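Notes follow the structure.
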Amino acid sequence: MSASPTASERRILLAAVGSGAHIAVDLDAADVEVGREHLSARDLAGWVAEAEERDAPRWIIRSARETYAPLLAEGIRLGRTHDLLLCHAILRDTASVPQPLEPSENWVRRDAPDAEPGLFDLFESDARVDTVVEALAQYRAQRHVIAAASDGRLALLCAAESAGGLVAEEMRAAGVPWNEGVHHEILTRTLGARSLAGGLPAKMLALGDQVRTILGDATLHLDSQPKLLRALHRAGVPVESTSKWELAQYEHPVVEPLLEYKKMSRLLSANGWVWLAEWVHRGRFRPVYIPGGVVTGRWASAGGGALQLPRSLRPAVRADPGWMLVVADVAQLEPRMLAAMASDAAMARAAQGRDLYAGVVDSGAVATREEAKYAVLGAMYGATTGDSGRLVPRLRKVYPRAMALVDAAARTGEDGGVVSTWLGRSSPKPSAEWAALQSAATGADVDPVVVTQARRRARDWGRFTRNFVVQGTAAEWSLIWLAEIRHRLRGMPTAATPAKASGPFADAAHLAFFLHDEVILHVPAELADAAADAVREAAAIATTRLFGSFPIDVPLDLRVTESAEK
DNA sequence: AGAAGTTGCGCG
DNA sequence: AAAGCGCGCAACTTCT
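Each residue of the first sequence is one higher than the one before, starting from 2 at the first, in my numbering.
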């Protein structure tokens with residue numbers, strides 16, 4: 002991935018003009034009209050494939066979701082893009098340049114995540130005066146803003162974000178290799194045999210009866226929070242909620258079976274047989290990823306709960322015969338980013354090696370690894386009370402630079418200001434309602450209740466901006482990591498044994514899963530070691546791209562395995 | 001009846 | 001209200 006288009010880079014704008022037809026514009030042609038190509042739905046895939054093969058251009062597209070998914074279905078892969086929707090979201094709000102991009106409703110991603118363009122959308126795009134002219138204007142406006150950031154950070158961010166858009170679609174097309182048999186076994190082992198009549202599985206039935214007996218209410222409906230709460234009170238368990246952390250505080254015979262029941266209930270409703278039938282088809286789980294779906298730049302997901310897969314189901318992620326998984330994650334990515342962002346040499350020293358928390362203990366700041374963990378998390382999340390809040394000041398002594406960075410971000414937020422990640426993604430402004438509350442709380446003769454409330458809301462927003470800079474920069478590291486992994490996999494030979502699934506990744510090593518600081522690759526066995534090297538190299542590149550020569554360790558836990566089970 | 005809000009829990 | 005960030009989803013309750 003290059004940070005910005007080079008002089009020799011060919012750029013082609015690809016704009017949908019309705020009914021699958023597109024217009025391609027070679028932006029480097031002397032005359033834009035000359036470089037303009039009308040493509041029917043039939044011609045599109047072939048033309049794109051040929052251009053990709055010949056020039057490996059950077060494709061300027063409205064969004065990977067809209068443009069790339071149909072191409073992938075035809076077996077066509079794109080190398081590089083500039084994703085106008087994703088970049089619009091970054092550039093319209095960036096505080097990295099004096100003049101951010103003029104926001105435009107036409108370039109805001111629709112919220113409905115997997116909504117196919119409906120009648121209305123088609124009507125809209127057909128009715129548009131000239132999709133191509135509009136896209137071209139938007140692209141030029143974006144390039145202008147990117148160029149205004151002379152350090153190249155926005156260019157890097159936009160390139161990485163666009164690559165992320167491609168990865169998301171490719172992972173959806175490829176899917177996570179999922180062994181339905183293993184999943185079924187886990188369900189049966191944990192919950193008992195599935196009821197044919199659509200009732201609860203055997204173990205849950207028995208456990209539910211046990212709980213009802215202990216609570217002395219034979220007809221109690223355990224899924225109703227208010228009813229369960231009243232039954233607990235009657236049985237002498239004075240909890241204020243039915244949450245597991247609170248229940249766990251009490252010594253009562255009902256606690257253990259109830260917690261067990263709740264755990265089972267969760268597994269059944271979130272990832273039970275119904276989920277399996279709906280989301281896994283022919284050995285692949287295909288979640289919908291939404292790059293940049295979180296304010297901080299992290300990815301969100303829609304449908305399938307891709308980002309909440311319980312660890313207990315990991316064993317169901319299985320490589321196809323003749324293939325392997327490369328499973329890699331970064332331990333404590335966020336504090337490592339913080340150390341580098343702040344150029345905090347002491348914290349970077351603690352981050353040397355696999356366990357940052359052990360390094361914090363070695364620095365003398367705290368006594369145990371557990372304390373180090375709470376202190377570091379508290380520093381990034383803005384803890385003020387409890388064990389965590391108590392430990393944070395100790396870090397302030399040992400890592401003053403790192404702490405100054407997050408403290409400043411919090412202060413900016415409390416004052417209603419905007420903070421930015423390392424590459425320049427900026428936090429949203431607080432709501433008008435928030436601002437109104439703050440001004441209502443200033444001045445003489447203000448109701449102390451209002452003042453207290455305003456202070457609390459200000460601190461809430463400060464904790465958000467404090468975390469924003471760290472979480473957002475970690476998301477940027479991960480994005481570059483992903484893009485670099487993808488880049489390296491593209492250069493690898495095809496598989497000796499095809500995978501079970503058809504499609505563009507049936508014979509090619511590919512990314513299969515991504516979760517904030519973790520990736521799973523599905524690769525032909527003979528390429529597994531090379532793929533593992535690619536993952537390591539990509540991580541090293543990500544670190545260098547962001548922080549240059551600043552010495553920060555970002556070690557990977559990496560396994561080449563047939564099963565994602567830990 | 002269906003929308004909107006609440007609770008609780010999975011993930012980082 | 002898990003002492004402290006960011007999410008998505010299901011099931012239930014309450015509002016309209």
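Yeah, the Cβ is synthetic: ideal placement off N, Cα and C, and Gly gets one too. For clarity, every value in this text was computed on a predicted model and none was experimentally measured.
Taking Cβ positions, are Leu102 and Leu28 nearer each other than 9 Å? For Leu102 and Leu28, no; Cβs fall outside 9 Å.
Could you check where the beta strand (DSSP E) with Ser242 kicks off and where it finishes? No beta strand (DSSP E) holds Ser242; DSSP gives it neither H nor E.
By how many angstroms is the C-alpha of Ser364 removed from the C-alpha of Met2? Confidence is the limiting factor: at Met2 the pLDDT is only 43, short of 50, which leaves the residue's position unreliable, though a coordinate-based value still follows. For Met2 and Ser364, the distance between alpha carbons rounds to 38 Å.
Do Val470 and Leu406 come within 9 Å of each other at the CB atom, strictly closer than that value? For Leu406 and Val470, yes; Cβs fall inside 9 Å.
Where Val256 and Pro178 are concerned, what is the direct C-alpha to C-alpha distance, given to the nearest angstrom? Taking C-alpha positions only, Val256 is separated from Pro178 by approximately 37 Å.
Leu123 to Gly217 span [Cα, whole Å]: Residue placement at Leu123 cannot be trusted, given a pLDDT of 39 that sits under 50; the coordinates are not used to answer.
Residue range of the alpha helix (DSSP H) that Arg460 falls in? For Arg460, the enclosing alpha helix (DSSP H) stretches over residues Pro449 to Arg491.
Determine whether the beta carbon atoms of Ala203 and Ser196 lie at a separation below 9 Å. Yes, the pair counts as a contact, with Cβ atoms nearer than the cut-off.
Quick check: what's the CA-CA separation for Ser421 versus Met342? Roughly 12 Å between the two C-alpha positions.
Find out if the Cβ-Cβ distance for the pair Trp60, Leu15 is shorter than 9 Å. If you check the CB distance, Trp60 and Leu15 come in under 9 Å.
With DSSP collapsed to three states, give me the class of Ala411. Correct three-state label for Ala411: helix.
Out of Ser266, Val447 and Arg37, point me to the one whose CA is closest to Asp224's CA. Nearest option by C-alpha distance: Ser266.
Could you have a look at Met401 and say whether DSSP puts it in helix, strand or coil? Correcting the residue identity first, residue 401 is Pro in this sequence and not Met. In the structure shown, Pro401 falls within a helical segment according to DSSP collapsed to helix, strand and coil.
Return yes when the Cβ of Met338 is within less than 9 Å of the Cβ of Tyr262, no when it is not. Cβ distance not < 9 Å, so Tyr262 and Met338 don't count as in contact.
Would you tell me roughly how many angstroms separate the C-alpha atoms of Val399 and Tyr375, rounded to the nearest one? Straight-line Cα distance between these residues: approximately 15 Å.
Rounded to whole angstroms, what is the Cα-Cα separation between Ala22 and Arg12? Between Ala22 and Arg12, the C-alpha separation is close to 19 Å.
Indicate, with yes or no, if the ligand GDP has a heavy atom lying under 8 Å from the CB of Cys159. Within the structure as shown, the ligand GDP is missing, as the structure has no ligands at all.
Counting Cβ pairs closer than 8 Å, one from the segment 502–516 and one from the segment 365–373, do we hit at least three? Contact between the segment 502–516 and the segment 365–373 is absent: fewer than three C-beta pairs spanning the two stretches fall below 8 Å.
Neighbourhood of Ala332 by C-beta, 8 Å cutoff - its chain only, sequence neighbours within 5 removed: Once the five neighbours on either side are set aside, the close Cβ partners of Ala332 are Arg355, Asp356, Leu357, Pro556 and Asp558.
Option nearest Asp408 by Cα separation, candidates Thr443, Gly383 and Ile62: Asp408 has its Cα closest to that of Gly383, out of Thr443, Gly383 and Ile62.
Here's the rule: buried if 16 or more other CB atoms are within 10 angstroms of the residue's CB, otherwise exposed. What is Ala104? Correcting the residue identity first, residue 104 is Pro in this sequence and not Ala. That one is exposed.
Considering only the alpha carbon of each residue, which of Arg312, Thr214 and Thr386 lies closest to Leu259? Comparing alpha carbon positions, the residue from Arg312, Thr214 and Thr386 closest to Leu259 is Thr214.
Using the three-state DSSP reduction, which class does Ala352 fall into: helix, strand or coil? Ala352: coil per DSSP, three-state reduction.
Note the first and the last residue of the continuous alpha helix (DSSP H) segment covering Glu38. Element bounds for Glu38: not the alpha helix (DSSP H) but the beta strand (DSSP E), Arg37 to Leu40.
Beta-carbon contacts of Trp48 that lie in its chain and below 6 Å, excluding the five residues immediately before and after: Non-local C-beta neighbours of Trp48 in its own chain, meaning closer than 6 Å and more than five positions away in sequence, comprise Leu40, ordered along the chain.
For His234, is the classification buried or exposed, using 16 other Cβ atoms within 10 angstroms of its Cβ as the cut-off for buried? Classification of His234: exposed, given that the 10 Å Cβ count is below 16.
Suppose the cutoff is 7 Å on Cβ atoms and the five residues either side in sequence are ignored; what does the same chain contact list for Phe121 look like? Because the pLDDT of Phe121 is 39, which lies under 50, any placement of that residue in the model is unreliable, and the question is left without a value.
Give the secondary structure of Phe548 by DSSP, where H, G and I count as helix, E and B as strand, and everything else as coil. Looking at Phe548 - three-state DSSP - the assignment turns out to be helix.
Glu53 and Leu73 closer than 9 Å at C-beta: In this structure, Leu73 does not lie closer than 9 Å to Glu53 by Cβ.
Name the DSSP beta bridge partners of Ser20, please? According to DSSP, Ser20 bridges with nothing at all.
Quick check on Ser432: buried or exposed, where buried means 16 or more other Cβ atoms within 10 Å of its Cβ? Looking at its Cβ environment, which holds fewer than 16 other Cβ atoms inside 10 Å, Ser432 is exposed.
Do you know offhand how far Trp478's Cα is from Ala484's? The straight-line gap from Cα to Cα measures roughly 10 Å.
Just verifying my parser: in three-state terms, what is the DSSP assignment at Ser428? Coil at Ser428, not helix or strand.
Determine whether the beta carbon atoms of Gly298 and Gly414 lie at a separation below 9 Å. Against a cut-off of 9 Å, the Cβ pair of Gly414 and Gly298 comes out as no contact.
What is the DSSP secondary structure of Val555, reduced to helix, strand or coil? In the structure shown, the three-state DSSP call for Val555 is coil.
Chain-order list of residues whose beta-carbon lies under 6 Å from that of Asp602 (same chain, five-residue window excluded): This structure gives no information on residue 602, because the portion of the chain shown stretches from 2 to 567.
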